[in-house]
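Visitor:
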C-alpha cells in the first residue's frame, strides 16, 4: 500500500493510490538531484582543496558549494515564467537535459569548467525546487496535498544522504589518493535525470489538470483526472477546478500583480518564512559539517568526521519521514512554531558546548538533535505551506528568497567561524531563530483543511466582487457555501 493510504480504508478511496505514488516518485527525482548536489561538496571538500586544486585558494574552491544556491536563486526566478510559457512537462524535460550537460562539466579537473558547471547545475536545482512542489500541488488529490512538503523534504534528505554515503569512499590522506572517485560522485546524479526523462516520455507525458484548465483544455484535463481519480470523482474534480479558476482569476497574474494588496500579504509571508528557514544555519552544517568537526577534533585526518556527516544525513532523512505522520494531525503553524523554538534552544546549547570546549561527543549529540528537529518541522512544512498560500508566480519569488538566504549562509558560514569562532556562529543563528519563532507565532495563519482559493486569500484583508470591496471573511464564507453545493451535486 502506498505512503498515502496505509491509514485509510481502500474501499473509500477516491483516487488511484499506486499511480499517484509512482507519479510522486518520478517527479521527486528532481528533488533527489537537488539534495544530492547540495550535499556532495561536504565529503569531497578536503580532497578537492588538497589534491585536485592544491594551488588554488580554499575560498575559491569553496565556490563549488556556494555556487549551487547562487545558481538556484537564478533558476527559481525563471521557473514559473518557463513553466507558464512551455508547460510543466516541457520545463521538466528542459531542466533534465540541461542538468546532464552541465553535470559533465563538473567532472573535468579544470576549476573554471567545474565552477561553470556547478553554477548551471545550481540553476537546474532552482528550477526543480519550484517546479516540483508546483506540479505536485496542482496534480495531487486534495487529501494528499498536505504531505507534499514532507515528501519533498524526504527526497531532498535522501539525496543528501546518498551523497554522504558515497563520500565514505573518499580518501582521507595521501596514501589513499584515488583520482577517479570524486568524478564518479559528481557525475552520479545524471542517473536521476535520465530516469525521470525516460518516465516522462513513457508514462507521465502530460501536464497537470490545473494547467490544462487554465489554458481551456478541458478534454486533456479530463483525461489526466481519469488517470488519477476513480469512479465519478474525476468529473467532480473537473467541475471544482473549473469553478476555482473562475473565482481565483489567475490567468493574467504578473509580477506587478504580486505587489497589489490582494497578493502581497501572502508573498510577504512566504518570502519571510523561506528566508528564516535558511537562516537557521542548516545550510552551513549540510555544506561543511565534515571540515567543522575535523577542526573541532584537532584537525587530524580520520574517518570520524565523514561517518558523523553520514549520520547527519540519516537523521535528516528520518526527521523528514516522520513529518508525514504529524503534519495533518497538528497542522502547519504548530509544527513551524515548534521547529523554530526548538532550533533556537539547540543552537544556544551548541554555542555553550563550543564555548566551554566540552567533549566533541556532546556537540555531536546536540547537532544531531538540531538536524532531527529541523527535518521534522520547518524543513518539511515550509514546502507545503508556501505551495498552499502562493500561486505559481508567488511561489517562484518565495523560493528565490529562500535561495538567496541559502546562498548568503553558504558564503559566510566558514568566514563567520574563522572570524568569531564556532560558538558565536551558533549563537548568531540561534538569535535569528528566536526572531523566526516570534514571526511564526504572531503572523503565520493555519491552512490545514482549506482549499486552494481560500489558502491563496488567507492573508488578504479584503477582496472584490464586480469592483466592490468585500471583507475576506465574507468571501471565504461564500466560497465555502459554493464548495458545499458542488459536493452535494456529486
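Numbering (this note's numbering), first residue to last: 169 to 658. For glycine and all other residues, C-beta sits at the position ideal for the given N, C-alpha and C.
What does the alpha-carbon distance come out to for the pair residue 697 and residue 227?
Guide: The structure shown has nothing for residue 697, since the chain only spans 169 to 658.
Visitor: Can you grab the Cα-Cα spacing for the pair residue 538 / residue 289, in whole Å?
Guide: Taking the straight line from one Cα to the other gives about 28 Å.
Visitor: How big is the Cα-Cα spacing for residue 256 and residue 195?
Guide: Residue 256 and residue 195: Cα-Cα distance of roughly 11 Å.
Visitor: Between residue 474 and residue 399, what straight-line distance do the alpha-carbon atoms span, to the nearest angstrom?
Guide: Cα to Cα, the separation comes out at about 52 Å.
Visitor: Please classify residue 183: does DSSP put it in a helix, a strand, or coil?
Guide: Three-state result, residue 183: strand.
Visitor: Residue 317 lies in the alpha helix (DSSP H); which residues open and close that run?
Guide: Unbroken alpha helix (DSSP H) run through residue 317: 316-335.
Visitor: Please classify residue 397: does DSSP put it in a helix, a strand, or coil?
Guide: Strand, per DSSP.
Visitor: Take residue 295 as the anchor and find which of 334, 246, 316 has the nearest alpha-carbon.
Guide: If we check each option's Cα against that of residue 295, 246 comes out closest.
Visitor: Alpha carbon to alpha carbon, what distance is there between residue 229 and residue 216?
Guide: Residue 216 and residue 229: Cα-Cα distance of roughly 8 Å.
Visitor: Contact defined as beta carbons within less than 8 Å: I believe residue 563 pairs with residue 324. What is the distance between those atoms, to the nearest angstrom?
Guide: About 16 Å; that fails the 8 Å criterion.
Visitor: Measuring only the C-alpha atoms, how far is residue 189 from residue 412?
Guide: Using only the alpha carbons, I get a separation of about 25 Å.
Visitor: Given this structure, state the Cα-to-Cα distance separating residue 258 from residue 365, to the nearest angstrom.
Guide: Spanning the two alpha carbons is a distance of roughly 10 Å.
Visitor: What's the C-alpha gap between residue 384 and residue 390?
Guide: Going from the Cα of residue 384 to the Cα of residue 390 covers about 11 Å.
Visitor: Taking 8 Å as the threshold, find out whether the region 581-593 comes into contact with the region 517-524 through three or more Cβ pairs.
Guide: Judged by Cβ distances under 8 Å, the region 581-593 makes contact with the region 517-524, as three or more pairs qualify.
Visitor: Quick one: grab the DSSP three-state call for residue 383.
Guide: The answer is coil: DSSP assigns residue 383 none of H, G, I, E or B.
Visitor: Between which residues of its own chain and residue 609 is the CB-CB distance below 7 Å, once the five residues before and five after are set aside?
Guide: So the list reads 505, once near-sequence residues are dropped.
Visitor: Go ahead and label residue 260 buried or exposed: buried means 16 or more other beta carbons lie within 10 angstroms of its beta carbon, across all protein chains shown.
Guide: Counting Cβ neighbours within 10 Å, residue 260 comes out buried, since at least 16 surround it.
Visitor: Whole angstroms is fine: what's the gap from residue 559's alpha carbon to residue 611's?
Guide: So the alpha carbons of these two residues sit roughly 19 Å apart.
Visitor: Rounded to whole angstroms, what's the CA-CA distance from residue 183 to residue 406? Just pull it up for me.
Guide: Near 14 Å, if we compare the C-alpha coordinates of residue 406 and residue 183.
Visitor: Can we say the region 524-537 touches the region 202-210, given the rule of at least three CB pairs closer than 8 Å?
Guide: Flag = no, the region 524-537 and the region 202-210 do not touch.
Visitor: Could you tell me whether the region 431-445 touches the region 562-577, using the rule of 3 or more Cβ pairs below 8 Å?
Guide: Cβ pair count under 8 Å is three or more, so yes.
Visitor: Quick one: what's got a C-beta closer than 7 Å to residue 304's C-beta in the same chain, skipping five residues either side?
Guide: Hits under 7 Å: 192, 195, 316.
Visitor: Return the chain-ordered list of same chain residues with a C-beta closer than 7 Å to the C-beta of residue 298, the five sequence neighbours on each side being excluded.
Guide: So the list reads 244, 247, 248, 563, 564, 567, once near-sequence residues are dropped.
Visitor: Check whether the region 473-487 and the region 232-239 touch, using three or more Cβ-Cβ pairs below 8 Å as the test.
Guide: As far as the Cβ criterion goes, the region 473-487 does not touch the region 232-239, which means the pair count is below three.
Visitor: Which of the three DSSP states is assigned to residue 356 in this structure?
Guide: Three-state DSSP puts residue 356 in coil, outside helix and strand.
Visitor: Are residue 198 and residue 300 close, meaning C-beta to C-beta below 8 Å?
Guide: A contact, by the Cβ cut-off of 8 Å.
Visitor: Residue 212: which of 601, 478, 360 sits nearest, CA to CA?
Guide: That would be 478, whose Cα lies nearest to the Cα of residue 212.
Visitor: Do three or more CB pairs link the region 347-358 to the region 268-278 at distances below 8 Å?
Guide: Result yes; three or more Cβ-Cβ pairs closer than 8 Å.
Visitor: In three-state terms, what does DSSP make of residue 428?
Guide: Residue state, collapsed to three classes: coil.
Visitor: According to the neighbour-count rule (16 or more other Cβ atoms, all chains shown, within 10 Å of its Cβ), is residue 387 buried or exposed?
Guide: Per the 10 Å Cβ criterion, exposed.
Visitor: For residue 450, which residues of its own chain have a beta-carbon under 6 Å away from its beta-carbon, when the five flanking residues on both sides are left out?
Guide: Here the set comprises 542.
Visitor: Taking the alpha helix (DSSP H) that residue 249 falls in, what are its first and last residues?
Guide: Residues 231-254.
Visitor: Identify, in the order they occur along the chain, each residue of the same chain with its Cβ nearer than 7 Å to the Cβ of residue 577, setting aside the five sequence neighbours on each side.
Guide: 446, 447, 449, 451, 452, listed in sequence order.
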